[in-house]
Amino acid sequence: MNYLKLIIVFFCIVFFINELQSQSDWKLYKSTYGDLQMNDTLFNIRKIITAKNQVYVATAYGLAIIKNDVIGWFNWNNTGLTNKNTWNILDMCIDKDDNIWCATNYGLLKYDGSQFTLFTNSNSGLKTNSLTGITCNNNNSIWCTDMGKFIYKIKDTTIQVYDLIELNIPLPYIQGSFIQADNQGNIWYSSGKLLVHYNGIQWIVSDSNFVPLEPTGEVIGKLYITKDSSLVIITSKEKVLKYMSSIWYEYSHEKITGLPEYEPGKKYIFSISEDKIGNLLIGVAGVYQKEKPKILVLNKNININNLWSNIDLPPIGTTDSSDPNIYAPSAIAIDDDNKLWVGTNVEGVLLFYNYPTSVVENESNETPSMFPNPVVDYIQINRNDKCSIQIFSVLGIKVIETKYKDRIDVSGLDAGVYFLFVNNKIYKFVKI
């Protein structure tokens with residue numbers, strides 16, 4: 008078997024691991040759905056953070072810390088903080104000193120690795136106790152939002168309060184991801200169709216037409232900022248918008264295999280994150296349509312504009328339904344060992360050992376721009392240099408070989424997944 012064949016077979020093996028998802032690739036840290044008074048409740052997960060071989064899981068009923076396969080549970084039963092609303096954690100972040108900060112339904116909760124400290128309106132500069140979002144910027148300041156009109160900046164022991172009504176600034180959209188920081192230290196939040204950010208000097212409100220939303224019925228839902236400070240928005244109509252290099256790119260049902268078609272009043276996208284090399288991870292589930300939950304991996308090289316991987320989550324026997332597929336991926340994280348952690352809305356935390364990166368790591372600025380993907384008849388390839396092109400099936404069988412062309416006819420191929428081999432690099436596309 009020649010070198011090229013070995014490469015193709017290797018990537019086919021990676022593909023089958025990725026697509027078939029044997030149960031041995033997954034581990035489930037189970038929730039206890041029923042007795043919500045128990046210490047070991049992994050239920051309604053809001054956020055997962057991985058740091059230094061520890062996994063922090065924020066839930067509606069407490070904080071879980073997983074290390075070396077041992078789970079530590081913290082809530083009103085074992086911390087001395089007996090108000091259950093304190094353990095309804097809506098958002099969580101980690102600072103540069105590895106302190107965990109939680110925005111809760113009753114106060115700001117800090118965990119320094121040994122003890123919890125609770126800040127409320129009775130013992131700190133907080134004006135209210137119901138906090139919704141939290142982030143840490145690059146100078147190690149903590150920023151959080153509340154259910155009303157205030158944004159707070161916490162630096163060391165000082166809490167600075169921003170009254171948005173007095174500043175004449177739009178209030179945060181309560182259903183959004185509340186507050187984010189980019190790598191320049193700017194603080195961002197969404198408000199309906201608007202984006203608001205603070206640059207350290209002033210609050211700046213975007214033009215109402217800055218985000219390409221439909222004129223009626225569509226607003227900004229979730230806001231996420233990538234490691235390279237690109238803006239990513241999940242709209243109320245379940246579209247993914249990415250703002251990079253002053254250009255908006257749209258991922259929608261028509262462009263992304265695996266993203267359900269939008270129906271009014273139905274929710275599909277439950278979480279967003281990114282992997283170590285910058286690919287977007289989108290947690291999708293058609294809960295109302297009984298579509299299987301999955302993680303969509305959107306290529307960081309936006310010029311390709313395609314989905315390179317679709318990780319189906321395993322059936323795990325939901326506790327509130329006879330259908331083992333009816334659950335939502337509510338939180339996503341990648342740890343230092345490149346393992347994928349997925350929090351669910353009812354079942355607990357899934358750990359995936361075989362998150363693939365090989366194909367994407369090989370992509371660079373020299374990657375040909377390929378479209379459309381999925382494809383029906385022709386693939387269009389834009390590349391400056393001349394090269395040979397080979398296409399292989401998932402079984403490693405060469406189905407097309409040609410010299411460089413701008414347009415490749417694939418109409419004769421059966422529906423399925425194929426690999427395009429160009430200059431010792433391999434890229435995946437879907438023939439429909």
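Per the numbering used here, residue 8 is the first one in the sequence shown, and the count goes up by one each step. Ideal Cβ positions, reconstructed from N, Cα and C, are used throughout, including at glycine. Quick caveat, the model's predicted, so the values are computed rather than measured.
- Around the beta carbon of Asn190, fewer than 16 other beta carbons lie within 10 angstroms, which makes this residue exposed.
- Counting every other CB atom within 10 Å of its CB across the protein chains shown gives Glu173 a total below 16, marking it as exposed.
- For the pair Leu116 and Gln167, the Cα-to-Cα distance works out to about 17 Å.
- Taken in chain order, the complete beta strand (DSSP E) segments of 3 or more residues contained in the segment 170-221 are 194-198, 201-205, 210-212.
- If only uninterrupted beta strand (DSSP E) runs of at least 3 residues are considered, those enclosed by the segment 116-167 are 123-126, 138-143, 149-153, 157-162.
- In chain order, Lys244, Glu245, His260 place their CB closer than 7 Å to the CB of Tyr269, counting only its own chain and leaving out the 5 sequence neighbours on each side.
- Scanning Asn106, Thr111, Asn345 for the CA closest to the CA of Gly120 turns up Asn106.
- Taking C-beta atoms as the reference points, Ser197 and Ile227 count as a pair closer than 7 Å.
- For Asp102, the three-state secondary structure derived from DSSP is coil.
- Among the bridge pairs identified by DSSP, Pro267 is matched with none.
- Non-local C-beta neighbours of Thr124 in its own chain, meaning closer than 7 Å and more than five positions away in sequence, comprise Lys117, ordered along the chain.
- The Cβ atoms of Asn136 and Gly192 do not sit closer than 7 Å to each other.
- The criterion of a C-beta distance shorter than 7 Å is not satisfied by Val349 and Val64.
- The C-alpha of Asp170 is placed about 6 Å away from the C-alpha of Lys156.
- Secondary structure note for Ser337: its beta strand (DSSP E) is the uninterrupted segment 336-341.
- Short of 8 Å from the beta carbon of Asp416, and not among the five residues preceding or following it, lie these beta carbons of its own chain, in chain order: Asp384, Tyr385.
- Per DSSP, the beta bridge partners of Val356 are Tyr36, Gly350.
- For the 7 Å CB-CB criterion, Ala422 and Lys405 do not form a contact.
- In the displayed model, Lys59 falls within coil according to three-state DSSP, outside both helix and strand.
- Contact between Gly69 and Trp94 holds, since their C-beta atoms are separated by about 4 Å, short of 8 Å.
- Between Ile398 and Tyr36, the alpha-carbon positions lie close to 40 Å from each other.
- Pairing Ala340 with Thr57 gives a Cβ-Cβ distance under 7 Å.
- Secondary structure note for Gly423: its beta strand (DSSP E) is the uninterrupted segment 423-429.
- In terms of Cα proximity to Val291, the closest of Glu257, Tyr334, Leu97 is Tyr334.
- Taking C-beta separations shorter than 8 Å and ignoring five residues to either side along the sequence, the partners of Tyr362 in its chain run Asp282, Ile318, Ile341, Asn345, Lys346, Leu347, following chain order.
- Counting C-beta atoms within 10 angstroms of its own C-beta, Ser337 has 16 or more neighbours from the protein chains shown and is therefore classed as buried.
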